[in-house]
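What follows is a single structure, written as structure tokens, with notes after it.
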Amino acid sequence: MSETTHDGQVAVTAPPSPDEGLTAAELAAKYGLSVSGARPSLVEYVRQLWDRRHFILAFSRAKLTAQYSQAKLGQLWQVVTPLLNAAVYFFIFGVILEADRGMSREVYIPFLVTGVFVFTFTQSSVMAGVRAISGNLGLVRALHFPRASLPVSFSLQQLQQLLASMIVLIAVTCVFGSYPDLSWLLMFPVLALQFLFNTGLALIMARAGAKTPDLAQLMPFVMRTWMYASGVMYSIPIMLADKPQWIADVLQWNPAAIYMDLMRFALIDGYGSKNLPDHVWAAAGGWALLFAVGGFVYFWKAEERYGRG
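Structure, rendered in structure tokens:
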């Protein structure tokens, strides 16, 4: 396009751009551009997560190996730490406060050790989850991958740690007179349901911790309160027999108590079904499904915001 100027010269002007007047969104659609780090669909996100399953497993193993790499006893601390906690709780609650009321020592000691090991599984998953994003910002900002890989990997790390500890837990139950039988097979569905619950809770805490890093400082107090309310060191129905029934019902139906009691029922001969709330398996499955699905969707909704800011 050209036009004559006032001095008789011909000036050439550029033709109008074919993109003139298009909005940014229209330009992106025209040239096939997408937002960097945009959240994929939920189905696509699940597919991406499955494609990274080898990374998730390798990352969890590496974290587990490195956890006690500076300690002389190394991986033995996976077992020694919960055992020492159980010994302290036994001295305080079993000997001094007599929280074993209604149970013989042959039942109470495996009862206590089982509670400590199983609750530690949930506690460690939550504490690892709350730091999953905020504690790995370098990795999150450097590489593109579904961020749910991190809290899932940390939950898997805690499951592997519990499985190693189960050898000691089984030995304790045998020493106090509970020997392997068919009920021990219930350990596997209990662990599977608790793992799903823990993973969902870790995903929720990972999103919350990514936005509010100070949450990591608060969670130890929350977890300690949850532990004392879940019957780790005492039998809820026996200890609260003189209190309104609804208090015992609320405490027994909380997921930590349900998974502990199911594991005790599976492993300890003297811990019968009378100690379990009604419909306990439905409750265990319901908690696992609710938190696994709800936690995953809740985490996915903020996918594009992790590592930014």
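Going by the UniProt record's numbering, 30 is the number at position 30 of the sequence shown; the sequence numbering is gapless. Cβ atoms here follow ideal geometry from the backbone N, Cα and C, with glycine treated the same way.
Within the same chain, and ignoring the five residues on either side of R264 in sequence, the residues whose Cβ sits closer than 8 angstroms to its Cβ are P110, F111, T114, G115, Y271, N275. Assigned with DSSP and collapsed to three states, K63 falls in helix. Within the region 192-273, the complete alpha helix (DSSP H) runs of at least 4 residues fall at 215-229, 236-239, 245-252, 255-267. According to the DSSP assignment, F117 belongs to the alpha helix (DSSP H) that extends over 105-130.
With a threshold of 16 other beta carbon atoms within 10 Å, I92 falls short and is exposed. Taking C-beta atoms as the reference points, R147 and V140 count as a pair closer than 8 angstroms. The way I'd put it, the region 234-250 doesn't touch the region 157-174; fewer than three beta-carbon pairs between them come closer than 8 angstroms.
With a threshold of 16 other beta carbon atoms within 10 Å, S235 meets it and is buried. In the structure shown, the three-state DSSP call for I92 is helix. For L185 and D249, the gap between their C-alpha atoms comes out near 27 angstroms. Residue environment analysis places G138 among the exposed positions, since fewer than 16 neighbouring C-beta atoms fall within 10 angstroms of its C-beta.
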